[in-house]
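The structure appears right after this line, and notes come after that.
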Amino acid sequence: NVRACATVRKVALEKRPAELPSLSVVVAIDSPEMASVLDASFHEVRDRRVEYRLLDPLDNIAERLVARLARILGSPRQAPTILMLGWAGPAASIFRRLLRNAPPGAKIVVVDENADAIRQTLFASAPGLVELPELQFIAVPPGTALTGFPALDDILREITAGAIIINGERDEQNFRPALQLRRHAR
C-alpha cells in the first residue's frame with residue numbers, strides 16, 4: 191500500500207494538470223510505524239493535485255465506540271469514570287478519542303501491567319496530559335484478579351456512571367476480566 195501511494199503521488203505530481211480537482215488517495219495501513227512513515231512522506235510534499243487520507247481501522251473502531259458511549263458519558267449528574275483495562279488493539283486510539291470527546295471532568299483510568307511505561311510514552315508525546323488530574327494510571331501484576339486489587343476495588347466501588355473498556359491482546363484475556371466484573375457488579 192505504501193509503494194502504491196508513492197507511485198500514485200509521483201505520477202500525479204508529474205503528469206496531472208494543476209487545473210483538475212484534487213485526486214483523493216485513501217490508504218489503509220495496519221502498521222502504526224508504516225502509517226507514520228507514509229504520513230510524514232505525504233506531508234513533506236504539499237501539492238493541491240493530491241489529497242491524502244489515511245484510513246486507520248483502529249481509529250474507526252475508537253470513533254464508533256466513543257460515539258456510542260457519548261449518550262452514557264454525557265448524561266450523568268457527575269462526571270463519569272472510564273476504566274480502560276489493558277492497552278492492546280485500539281486502546282491508544284480510544285484513549286485519544288476519549289480525551290477529545292469525554293465531558294469535562296471525566297476521569298480516565300488506565301489499568302495495565304505496563305501502566306508506568308504507557309504513562310511515560312503518553313506524557314512524552316503530549317506533555318499537557320500531565321496537567322490533567324482526572325487521568326490516572328494503575329500498574330497491576332500480570333494475572334491479577336480485578337476485584338482483589340485494592341486500587342481497582344476502590345475505583346469499581348465509586349463508579350456511578352461511566353464505562354469499562356477491556357483491551358487485552360487475546361479474547362481469553364478479555365473474557366476473564368469481563369466475568370470478574372460481572373460477578374463484582376452482582
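Counting in our numbering, the sequence shown runs from 191 upward without gaps.
Each residue gets a CB set at the ideal place from its N, CA and C atoms; glycine is no exception.
Reducing DSSP to helix, strand and coil, say where residue i ends up.
i: SER283; result: helix
i: GLU253; result: helix
i: ILE262; result: helix
i: GLN268; result: coil
i: ALA353; result: strand
i: LEU210; result: coil
i: ALA218; result: strand
i: ARG239; result: coil
Which first and last residues belong to the alpha helix (DSSP H) in which residue i is found?
i: GLN363; result: 361-375
i: LEU322; result: Counting along the chain, LEU322 falls outside any alpha helix (DSSP H), and DSSP gives it neither H nor E.
i: GLU348; result: 340-348
i: ARG309; result: 305-315
i: ALA196; result: 192-205
Run the CB neighbour count on residue i, radius 10 Å, all protein chains shown included, and call it buried at 16 or more, exposed below.
i: SER283; result: buried
i: ALA281; result: buried
i: ILE345; result: buried
i: GLY352; result: buried
i: ALA252; result: buried
i: ALA307; result: exposed
i: ARG360; result: exposed
Straight-line CA distance for residue i to residue j?
i: VAL300; j: ASN364; result: 15 Å
i: LYS297; j: ASN304; result: 19 Å
i: ALA194; j: LEU369; result: 45 Å
i: GLY295; j: VAL320; result: 15 Å
i: ALA378; j: LEU322; result: Because the chain in this structure spans residues 191 to 376, residue 378 falls outside the shown range and cannot be described.
i: ALA329; j: ALA225; result: 29 Å
i: LEU213; j: ARG254; result: 27 Å
i: GLU204; j: SER221; result: 29 Å
i: ARG309; j: ALA257; result: 25 Å
i: ALA316; j: ARG290; result: 13 Å
i: ALA230; j: PRO332; result: 36 Å
i: LEU312; j: ALA278; result: 15 Å
i: ARG243; j: PHE285; result: 21 Å
i: ALA196; j: ALA292; result: 37 Å
For residue i, which residues of its own chain have a beta-carbon under 8 Å away from its beta-carbon, when the five flanking residues on both sides are left out?
i: ALA208; result: ARG238, ARG239
i: LEU275; result: VAL301, ASP302, LEU336, ILE354, ILE355, ILE356, ASN357, GLY358, PRO367
i: GLU241; result: SER212, LEU213, SER214, VAL215
On the DSSP letters alone, give me the boundaries of the beta strand (DSSP E) that residue i sits inside.
i: ALA329; result: 325-329
i: ASP302; result: 297-302
Can you name, in chain order, every residue of its own chain whose Cβ lies under 6 Å from the Cβ of residue i, other than the five neighbours on each side?
i: ILE384; result: An answer regarding residue 384 cannot be provided, because it is not within the stretch 191 to 376 covered by the chain.
i: ALA341; result: ILE328
Among the residues of its own chain, which have a CB less than 7 Å from the CB of residue i, if the five just before and after it don't count?
i: LEU245; result: VAL216, VAL217, ALA218
i: LEU325; result: ILE298, LEU319
i: ASN191; result: VAL217, ALA218, ILE219
i: PHE339; result: VAL330
i: LEU259; result: ALA353
For chain C, check one thing: does any of its Cβ atoms lie closer than 8 Å to the Cβ of residue i?
i: VAL301; result: Absent from the structure: chain C. Only one protein chain is present.
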